[in-house]
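The structure appears below as structure tokens.
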Amino acid sequence: MSPHRLGIAALLLALAAIPAQAQRADNPHGPNVGACSTCHRADGWKPAAISPSFRHAERTFPLEGAHARTACGSCHTSLVFSKAATNCASCHSDVHKGEFGTTCDRCHTARSFVDPSRMARAHELTLFPLRGAHVAVPCESCHTPTAAGQAQYRGRPTTCIGCHLTTFRATKAPDHQGAGFSQDCASCHDVSSWLTAKYDHSVTRFPLAGAHRAVSCAGCHGDGVFKGKPMLCNACHAADYAASKNPPHAASGFPTDCAACHTVQAWKGATFDHSATQFPLTGAHLTTLCTSCHGDNVFKGKPTACQSCHQKDFAASLRPPHSQLGFTSACAACHTTVAWQGAPYDHSVTRFPLTGAHKTATCNDCHSAGVYRGRPSACASCHQADYDKSVNPPHAAQGFPVACEACHGTTSWKGAVFNHDATLFPLTGMHKTLVCLSCHTDGVYKGRSTACVSCHQKDYNASLRPPHSQLGLSTACAACHTTSAWLGGSFDHSVTQFPLTGAHKTVACSGCHGDGVYKGKSTVCVSCHLKDYNASLRPPHSALGFSTACASCHGTVAWAGGSFDHSTTAFPLTGAHRAAMCNDCHADGVYKGKSTACYSCHQSNYAATKNPPHNTTSFPTASCASCHSTTAWSPATFNHATTRFPLTGAHVTTPCAGCHGDGVYSGKTMVCVGCHQANYDATTNPNHKTVAFPTTCASCHTTTTWLGATFNHDASFFPIYSGKHKGRWSQCSDCHTVPTNYSLFLCTNCHLKPDMDNAHKGRSGYKYDSPTCYSCHPRGTTP
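Numbering (our numbering), first residue to last: 434 to 1216.
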């Protein structure tokens, strides 16, 4: 029978138990439950069946999850439907015994009483959020019931060992309890799985590195020893040590300090540090197998001499035959550890050190006859054939010495350089690049003439500018020509009556000697520059009758830009006048008798000046220099010291308009207040205008600055800058409290009545007011 039918049956039984009443009974299910036909049919009161039209969700408790499958009588124990409770605890016994309250839906849902996801989220609010494998663990695994059957929830331990103590004790690989392991499980285990624990060996005295990282714990701790385990390699690797045959460690008495050769990466491929022995490995020895030298299994006391290993190589060497020639067995004298072949013999220890091309020659090139000792070192002993066949020049025919090194170097036989400097004719300039045959075409080397003309007679005869032969110029070519080039000969004009300077140095000879005249040529400027003199218009030299002594104005640097020496006139040039063009002053063409008065040139400047207005103020026109200088028209400096008001202090830097802004220069008042009335009126500490201070500003102020005025209070009234009142005040208002009347003062602002009464006990005429204080203490001292 279905749960719904069971519920209907229960309801019918309950109805049958109700005693019949004479009068009409009320609905047994309580008020407002709807029509009876929702559950009962007209053909029979029993059995009752709930109509599909009934909606529990429209009542106070929607049915969801497992509630939808629960029999009605499980919750409706009374026929009055409204008496059915809606809180969880009314139907579900609290296994938590009130530890978590009655809000069951924090952990449970209507879908299932046991909902791990909801419980896991609820666990986030506790001191032990669920992580990893803990999420899938049944609640009762950690919340085990007490002896009374009540599950424990509050006060449960949050440490791993609180739940896993049994696992800790039961673990034998390794034996946690026996080895005295820490009970801080999280130091090795994580919440994902108890197995696959990782122990941090770096916190021990033996951090794991290399191949040790991949070794299982049992690989080293198979004996169950974890504490006090020896850290020496040999403690674990004694078997490897004993089994090693290449080389045989035990037989050779190798030390058991494995780390000297082996690394933690792998036992094989050990590298012995030969540098710690008396025979450090270098060159090809670095790649040689141990057995190549230690094939006899001798490791200690092995001789380090090369010959001990290389005797066969020594005996087999034929080029040169080491043994036959009695070469030293100190192999390192020629050979290196890089390779036996290609040994470089140090020829520098012999009487014939190798240089140049000799360094690259093979031994056999010179020692083909097998002679090594007593070999002659003279060049000709090897190079006689080269000497004999040389034809440029013919060494043998000319009887050249066989001291080859005099001309040849060891770099190459060809390209010999004869040291002409050792002769009577050292080579310079172009001579250095000439081949020998250019001068020695006749085959003459000894007794050759060193005179230039002996080679350059044709050049002398062919020269037309100037015609050397026709003019009878000296055949001492070096007087004009150099060895750099025949053309471009430079004649030393300084030996003539007309040394060349300036632009004359760059003028071609034909520029002056175009007429072919060289001797007796005139040296006066105008003999060449008459056309320049006549063509000059600024100024017109010829029209003005200027002197033809060109050098008085012009230099040899250039004709244009002639400089006239004005210092020889009545108007020497100074300042900006030096840079002015002649036409700036002599635009009218007047040079002689020109006025020297400033105004004659600067009338327009005078008329245009507005600050101050020279014209309207009638400044004198005859004394421009009293204010202006020749450096520049502006700025002018007026010498105020020549007036009745010499400038001092801040007046020195004040612009003219600061005082003469009204355009008045002559008869300007000299009293301070004439300019400083606004400063006088604006001063409030003290208020000059209100108090009616005198306008004789200089009695307190100086020309340095308006601020910082000093009033001679001590001499005129009362000592405040000396005596007992010095430094006891900061402002005038400390004593003069009425800013409109400085004749009033108060002593009582500072000198309080109790102090004064006590100080004046027994003094006749004492009265505590300021006038009385001043009458007795006019100088601030005790009478």
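Where a beta carbon is used, it is the ideal one built from N, C-alpha and C, also for glycine.
- From Thr-1214, Thr-629, Cys-666, Lys-822, residue whose alpha carbon lies closest to that of His-695: Here residue 695 is taken as the residue at index 262 of the sequence shown, counted from 1. Selected option, being the one with the closest Cα: Cys-666.
- Query: Tell me the DSSP bridge mates of Pro-1079?
  - Reply: Stepping through the sequence shown from its first residue, residue 1079 is reached at position 646. Answer is none; Pro-1079 lacks a bridge partner.
- Task: Return the residue from the list Thr-916, Gly-876, Arg-898 that minimises the CA-CA distance to Ala-884.
- Result: The count along the sequence shown starts at 1 and reaches residue 884 at position 451. The option with the nearest alpha carbon to Ala-884 is Thr-916.
- Query: If you count every other CB in all the chains shown that lies within 10 Å of the CB of Ala-525, and 16 or more means buried, which is it?
  - Reply: Position 92 of the sequence shown holds residue 525. Inspection of the sequence shows that residue 525 is occupied by His rather than by Ala. The residue in question, His-525, is exposed, as its Cβ has fewer than 16 Cβ neighbours within 10 Å.
- Message: So for Ala-1009, helix, strand or coil by DSSP?
- Response: Your numbering for residue 1009 matches position 576 in the sequence shown. In the three-state DSSP reduction, Ala-1009 falls in the helix class (H, G or I).
- Task: Report the three-state DSSP secondary structure of Gly-842 (helix, strand or coil).
- Result: Mapped onto the sequence shown, residue 842 falls at position 409. Three-state DSSP puts Gly-842 in coil, outside helix and strand.
- Task: Report yes if the C-beta distance between Thr-908 and Gln-930 is below 7 angstroms; otherwise report no.
- Result: The residue labelled residue 908 in the question sits at position 475 within the sequence shown. The residue labelled residue 930 in the question sits at position 497 within the sequence shown. In this structure, Thr-908 sits away from Gln-930, with a CB-CB distance that is not shorter than 7 angstroms.
- Cutoff 7 angstroms; reference His-1146; Cβ partners in own chain excluding five residues on either side: Walking along the sequence shown from the start, residue 1146 turns up at place 713. Closer than 7 angstroms at Cβ, skipping near neighbours: Ile-1153, Tyr-1154.
- Item | Helix, strand or coil at Cys-1206 [DSSP, three-state] | The count along the sequence shown starts at 1 and reaches residue 1206 at position 773. Helix, per DSSP.
- Message: Suppose the cutoff is 7 angstroms on Cβ atoms and the five residues either side in sequence are ignored; what does the same chain contact list for His-864 look like?
- Response: For the purposes of this step, residue 864 is taken as the residue at position 431 of the sequence shown. Result list for His-864: Thr-916, in chain order.
- What are the boundary residues of the alpha helix (DSSP H) that includes Gly-807? To locate residue 807, count along the sequence shown from 1; it is residue 374. Per DSSP, Gly-807 belongs to no alpha helix (DSSP H) and is neither H nor E.
- Message: Let me check one thing: in DSSP terms, what residues is Gly-477 bridge-paired to?
- Response: Here the question's residue 477 lines up with position 44 in the sequence shown. Per DSSP, Arg-474.
- Distance between beta carbons of Ala-748 and Ser-756, contact taken as under 8 angstroms: Counting from 1 along the sequence shown, the entry for residue 756 is found at position 323. Counting from 1 along the sequence shown, the entry for residue 748 is found at position 315. In this structure Ser-756 is in contact with Ala-748, their Cβ atoms being roughly 5 angstroms apart against a cut-off of 8 angstroms.
- Item | Ser-626 - partner residues in DSSP beta bridges | Your numbering for residue 626 matches position 193 in the sequence shown. Paired residues: Asp-623.
- Task: Look at the Cβ atom of Gly-1082, then the Cβ atom of Thr-1137, and state whether they are nearer than 7 angstroms.
- Result: Locating residue 1082 in the sequence shown gives position 649, where the first residue counts as 1. Locating residue 1137 in the sequence shown gives position 704, where the first residue counts as 1. Yes, they are a contact pair.
- Task: Compare the beta carbon distance of Cys-913 and Phe-924 with 7 angstroms and say whether it is the shorter of the two.
- Result: Along the sequence shown, one-based indexing puts residue 913 at 480. Along the sequence shown, one-based indexing puts residue 924 at 491. Cβ distance < 7 angstroms, so Cys-913 and Phe-924 count as in contact.
- Query: Just the Cα atoms here: how many angstroms apart are Glu-838 and Cys-812?
  - Reply: Residue numbering aside, residue 838 sits at position 405 when the sequence shown is read from its first letter. Residue numbering aside, residue 812 sits at position 379 when the sequence shown is read from its first letter. Their Cα atoms are separated by approximately 8 angstroms.
- To the nearest whole angstrom, what separates the beta carbons of Ala-683 and Tyr-674, a pair I think is in contact under 8 angstroms? Translated into positions along the sequence shown, residue 683 becomes position 250. Translated into positions along the sequence shown, residue 674 becomes position 241. Their Cβ separation, rounded to whole angstroms, is 7 angstroms, which keeps Ala-683 and Tyr-674 in contact under 8 angstroms.
- Secondary structure of Asn-1016, DSSP reduced to three states: Indexing the sequence shown from 1 puts residue 1016 at position 583. The answer is helix: DSSP assigns Asn-1016 an H, G or I state.
- Buried or exposed for Phe-1004, please, with buried defined as at least 16 other CB atoms from any protein chain shown within 10 angstroms of its CB. Here the question's residue 1004 lines up with position 571 in the sequence shown. Phe-1004 is exposed by the Cβ-count criterion.
- Presumed contact (8 angstroms Cβ cut-off) between Phe-514 and His-556, rounded CB distance: Here residue 514 is taken as the residue at index 81 of the sequence shown, counted from 1. Here residue 556 is taken as the residue at index 123 of the sequence shown, counted from 1. Phe-514 to His-556, Cβ: 37 angstroms. No contact.
- Task: Have a look at Ser-1051 and Gly-1026 and give me their C-alpha separation to the nearest angstrom.
- Result: Against the sequence shown, residue 1051 aligns to sequence position 618. Against the sequence shown, residue 1026 aligns to sequence position 593. The straight-line gap from Cα to Cα measures roughly 28 angstroms.
- Closest to Ser-943 by CA distance: which of Gly-935, Thr-934, Cys-961, Val-868 is it? The residue you call residue 943 lines up with position 510 of the sequence shown. For Ser-943, the nearest C-alpha among the options comes from Cys-961.
- Query: Can the beta-carbon of Leu-560 be found closer than 7 angstroms to that of Thr-592?
  - Reply: Locating residue 560 in the sequence shown gives position 127, counting from the first residue. Locating residue 592 in the sequence shown gives position 159, counting from the first residue. For the 7 angstroms CB-CB criterion, Leu-560 and Thr-592 do not form a contact.
- Message: Per DSSP, what are the beta-bridge partners of Cys-1123 in this structure?
- Response: Start at 1 with the first residue of the sequence shown, and residue 1123 comes out as number 690. With the sequence shown as reference, residue 1123 is identified as Thr, and Cys is not the correct amino acid for it. Paired residue(s): none; Thr-1123 is not in a bridge.
- Compute the distance between the beta-carbons of Cys-1105 and Pro-1045, then report whether it is under 7 angstroms. To locate residue 1105, count along the sequence shown from 1; it is residue 672. To locate residue 1045, count along the sequence shown from 1; it is residue 612. Going by C-beta atoms, Cys-1105 is not nearer than 7 angstroms to Pro-1045.
- Query: Are the Cβ atoms of Gly-582 and Val-624 separated by less than 7 angstroms?
  - Reply: Taking the first residue of the sequence shown as 1, we reach residue 582 at position 149. Taking the first residue of the sequence shown as 1, we reach residue 624 at position 191. No; because the gap between Cβ atoms is not below 7 angstroms, this pair is not in contact.
- Are the Cβ atoms of Ala-543 and Gly-498 separated by less than 7 angstroms? As a working mapping, residue 543 is identified with position 110 in the sequence shown. As a working mapping, residue 498 is identified with position 65 in the sequence shown. Yes, the Cβ-Cβ distance between Ala-543 and Gly-498 is below 7 angstroms.
- Message: Can you give me the C-alpha to C-alpha distance between Gln-774 and Ser-750, rounded to a whole angstrom?
- Response: Your numbering for residue 774 matches position 341 in the sequence shown. Your numbering for residue 750 matches position 317 in the sequence shown. Rounded to whole angstroms, Gln-774 to Ser-750 spans 10 angstroms at the Cα level.
- Taking Cβ positions, are Ala-790 and Thr-843 nearer each other than 7 angstroms? If you number the sequence shown from 1, residue 790 lands on position 357. If you number the sequence shown from 1, residue 843 lands on position 410. Taking 7 angstroms as the Cβ cut-off, Ala-790 and Thr-843 qualify as a contacting pair.
- Message: Taking the alpha-carbon of Thr-1029 as reference, which of Ser-1056, Thr-737, Asp-1190, Asp-538 has the nearest alpha-carbon?
- Response: The residue labelled residue 1029 in the question sits at position 596 within the sequence shown. That would be Ser-1056, whose Cα lies nearest to the Cα of Thr-1029.
- Message: Could you compute how far the alpha carbon of Phe-1126 sits from the alpha carbon of Thr-1143?
- Response: Walking along the sequence shown from the start, residue 1126 turns up at place 693. Walking along the sequence shown from the start, residue 1143 turns up at place 710. Cα to Cα, the separation comes out at about 14 angstroms.
- Task: Specify the secondary structure class of Ala-1218 as computed by DSSP and reduced to three states.
- Result: Because the chain spans 434 through 1216 in this model, residue 1218 falls outside it and cannot be assessed.
- Message: Using the three-state DSSP reduction, which class does Ala-982 fall into: helix, strand or coil?
- Response: Walking along the sequence shown from the start, residue 982 turns up at place 549. It is coil, neither helix nor strand.
- Whole-angstrom C-beta distance between Lys-662 and Gly-613, which should lie under 8 angstroms: Here residue 613 is taken as the residue at index 180 of the sequence shown, counted from 1. Here residue 662 is taken as the residue at index 229 of the sequence shown, counted from 1. Not confirmed; about 13 angstroms, so no contact.
- Message: Need the endpoints of the alpha helix (DSSP H) that Leu-563 sits in, please.
- Response: Reading the sequence shown from its first residue, position 130 is the one you call residue 563. Run containing Leu-563: none; DSSP gives neither H nor E here.
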